[in-house]
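Here the structure is laid out as structure tokens; the discussion comes afterwards.
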Amino acid sequence: MTVIKPDSPYVECRREECPNKFQKAVHNQSFCSKECCRIYTNARILAQYHQKKNKVLKGRVCRDSSCSTLLSRYNPEDYCAVHEKKRHLDKLRGWGWKLDESGEIIS
Ligand SMILES: [Zn+2]
Ligand SMILES: [Zn+2]
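In my numbering, each residue's number is its place in the sequence shown (first place is 1) plus 94.
See below:
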């Protein structure tokens with residue numbers, strides 16, 4: 095029996111989740127299928143997007159125009175603690191609550 099040698103070796107698909115091995119049809123082929131190429135490219139674009147977003151998060155300041163407090167990157171809000179509280183109180187006041195500056199209900 096004659097074993098026909100493939101003229102190019104089997105290589106693993108570049109997409110890590112993909113178990114397929116394939117023979118390269120063109121020398122720079124990295125994926126077993128167009129679908130794998132598409133999934134891999136999309137995932138990479140998404141990763142770059144999140145990287146950019148994290149960079150933006152690092153240098154954020156409080157959105158209150160009078161305030162230049164640097165926000166912690168772990169703070170998901172757009173305002174510093176002081177103005178976040180102020181906004182919260184303003185919202186409650188908008189609902190008809192009577193509150194003083196420290197958030198105590200005025201009776
Ligand atoms: Zn694949
Ligand atoms: Zn602030």
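Think of the CB as a built atom: it goes at the ideal place given N, C-alpha and C, for glycine as much as any other residue.
Note that this is a predicted model, so its numbers are computed, not measured.
| Check | Outcome |
| --- | --- |
| Roughly how many angstroms separate the alpha carbons of W191 and I199, rounded to a whole number? | 7 Å |
| Check this for me: beta carbons of G197 and K185, under 8 Å apart or not? | no |
| Name the two residues that bound the continuous beta strand (DSSP E) containing K115. | 115-117 |
| CB-CB under 6 Å to W189, same chain, minus the five flanking residues each way: which ones, in chain order? | none |
| To the nearest angstrom, report how far apart S162 and R187 are at their CA atoms. | 25 Å |
| Assuming R109 and Y134 are in contact, meaning their beta carbons sit under 8 Å apart, how far apart are those beta carbons, in whole angstroms? | 5 Å |
| Would you identify the three-state DSSP class for T96, choosing helix, strand or coil? | Only weak support exists for where T96 lies, its pLDDT of 47 falling under 50; the coordinates are left without a value. |
| Could you name the residues of the same chain whose beta carbon sits closer than 7 Å to that of T96, not counting the 5 residues immediately before and after it, in chain order? | Reliability fails at T96, whose pLDDT of 47 lies under 50, so the model's placement of it is uncertain and no value is given. |
| Beta carbon of L164, beta carbon of V176: below 8 Å? | no |
| Go to V105, then tell me how far its beta strand (DSSP E) extends in each direction, as first and last residue. | 104-106 |
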